[in-house]
């Protein structure tokens, strides 16, 4: 449906690329503002890469339960290195600044009679113990700065690019700029992408790279002057990188390989060349080489994953190192659990259950091929998560393992939302965004009623920012309102969307 200029006067001032750029900066700013200070395991190899160009994290032994030592080789984390490789780039670039800050803080502490004393207001003794160990090694400031740098300059912009991809998808499907903007922002802030982007996280990155690969193969918006073929090599690289990020990416690889083959078969006979599939496979193979090189250099074997070498832990006795046959209770918890369920974390995605009714109607936005891909990927990931017994440990981290399906479930849910009355769809969008925002601000799902505690605490106690809450608990700042920061961000976003439009060129395109 073509966009009509009579009720789109505000958007007439911008080109589609200008809108995409503003969506990117808006999401980047809001994601960064909600940075969480959690020092996750992927941060340690990123630090070692930035400091020593090594995956050996021996200097951080004892700081995280997912760090294990291999005698004669060093210490490593029990996961793939993809997120760490990404996080290491901004950390290395900003090391001159972060090192200077760390040196100044450590120098100032030299005259403190109790330099290693830590006071942290928390009910979790392990968090207190971690901070105490980090302070004793003069690593607490370094870890905090590194986590912030990796989130602000890796996680936030990559997830913002995911929102831009959603904008282009819906613009191609609806032709309506306003709808496309709103849906892209709903994807960014009404789904677990908001919650997981707050820290370096391989699951959210798997979602992003799987989405990028899907768009590169699908090409929902095609320029008349551009080549008609999908970007097979780049799509293959994005597909393969999902496994470098996490072995759950194998599910994405399987689904995207099937989709790439379907795209190839649908091409005209004269344009169908085996070299296209070869380029897609080459991209995946190059990423496999990266992963195998990491495993060989770290563990001495290019095939066996890190989980094969880690010491026994919770659930490692089940199946192969914690991966067993699918369990019905874990499947139910992954979907509707009070602490890490996908649909309890993002109720806006519940609209996907109306898809069977929607499929019976004409005028659906997605074609059958894309619907089959989305449903296949989603079902396979739920089965994978129900077999991965480590998923039961998400009770204190929130929704995580199933996050890679979020972009694709949202595509189906959005198609349903577009067919609801405007008032109903708007109410669902507002409630879903507030729900997700509360979870991103409060974050603690371990206590009480899990996810529902975030809505209760934020509604009754007021808005929070995770990084500011940590500083308050550590005694660096006194308790204060976050409203000024929200107002400042609102002003910046307003300026972003109201200034700098190239009116003349855009208005000419409307004539």
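Residue numbers (our numbering): 72 to 582.
Using N, Cα and C, we set each Cβ at its ideal position, and we do this for glycine too.
Report task. Going by CA-CA distance only, name the one from 407, 246, 344 and 338 that's closest to residue 489. Result -> 246
Query raised in the report: Near residue 75, which residues of its chain fall below 6 angstroms by C-beta distance, leaving aside the five closest residues on each side in sequence?
Result: Residue placement at residue 75 is poorly supported in this model, since its pLDDT is 42, which falls under 50; the coordinates still yield a value, given next. Closer than 6 angstroms at Cβ, skipping near neighbours: no residue.
**Report entry** Which residues DSSP lists as bridging residue 459, in chain order
**Finding:** 394
**Report entry** Closest residue to residue 180 among 158, 211, 150 and 154 (Cα-Cα distance)
**Finding:** 211
Query raised in the report: Beta carbon of residue 450, beta carbon of residue 397: below 8 angstroms?
Result: In this structure, the beta-carbon distance from residue 450 to residue 397 does not fall below 8 angstroms.
Query raised in the report: Considering only residues of the same chain and omitting the five flanking positions on each side of residue 477, which have a CB-CB separation below 7 angstroms?
Result: 262, 263, 264 and 278
Query raised in the report: How about the segment 128-138 and the segment 156-171: do they share at least three Cβ pairs that are nearer than 8 angstroms?
Result: no
**Report entry** First and last residue of the uninterrupted alpha helix (DSSP H) at residue 90
**Finding:** Looking at the DSSP string, the run of the alpha helix (DSSP H) that includes residue 90 is 87-104.
Requested in this report: Give the secondary structure of residue 145 by DSSP, where H, G and I count as helix, E and B as strand, and everything else as coil.
Outcome: strand
Query raised in the report: Are the beta-carbon atoms belonging to residue 226 and residue 270 less than 8 angstroms from one another?
Result: yes
Report task. Look at the Cβ atom of residue 306, then the Cβ atom of residue 287, and state whether they are nearer than 8 angstroms. Result -> yes
Requested in this report: Tell me whether residue 132 is buried or exposed, calling it buried when 16 or more other Cβ atoms sit within 10 Å of its Cβ.
Outcome: By the neighbour-count rule (16 or more Cβ atoms within 10 Å), residue 132 is not buried but exposed.
Query raised in the report: Can you tell me whether DSSP reads residue 438 as helix, strand or coil?
Result: coil
Requested in this report: Measure the CB-CB distance between residue 126 and residue 92 and report whether it falls below 8 angstroms.
Outcome: no
Query raised in the report: Roughly how many angstroms separate the alpha carbons of residue 203 and residue 516, rounded to a whole number?
Result: 24 angstroms
Query raised in the report: Considering only the beta carbon of each residue, do residue 315 and residue 361 sit closer than 8 angstroms?
Result: yes
Query raised in the report: Residue range of the alpha helix (DSSP H) that residue 307 falls in?
Result: 303-316
Report task. Quick one: grab the DSSP three-state call for residue 566. Result -> Note: residue 566 maps to helix in three-state DSSP.
Query raised in the report: The alpha helix (DSSP H) spanning residue 300 covers which residue range?
Result: Per DSSP, residue 300 belongs to no alpha helix (DSSP H) and is neither H nor E.
Query raised in the report: Is residue 586 helix, strand or coil when you go by DSSP?
Result: Residue 586 lies beyond the range of the chain shown here (72 to 582); nothing can be said about it.
Query raised in the report: Using DSSP with H/G/I as helix, E/B as strand and the rest coil, what is residue 280?
Result: helix
Query raised in the report: Quick one: any contact between the segment 402-412 and the segment 462-475, if contact means 3 or more CB pairs under 8 angstroms?
Result: The segment 402-412 and the segment 462-475 touch, with no fewer than 3 CB-CB distances between them shorter than 8 angstroms.
Query raised in the report: Who are the near neighbours of residue 333 in its chain, counting only those whose CB is closer than 7 angstroms to its CB and skipping five residues on each side?
Result: 440
Query raised in the report: Looking only at C-alpha atoms, which of 341, 311, 345 and 383 sits nearest to residue 357?
Result: 311
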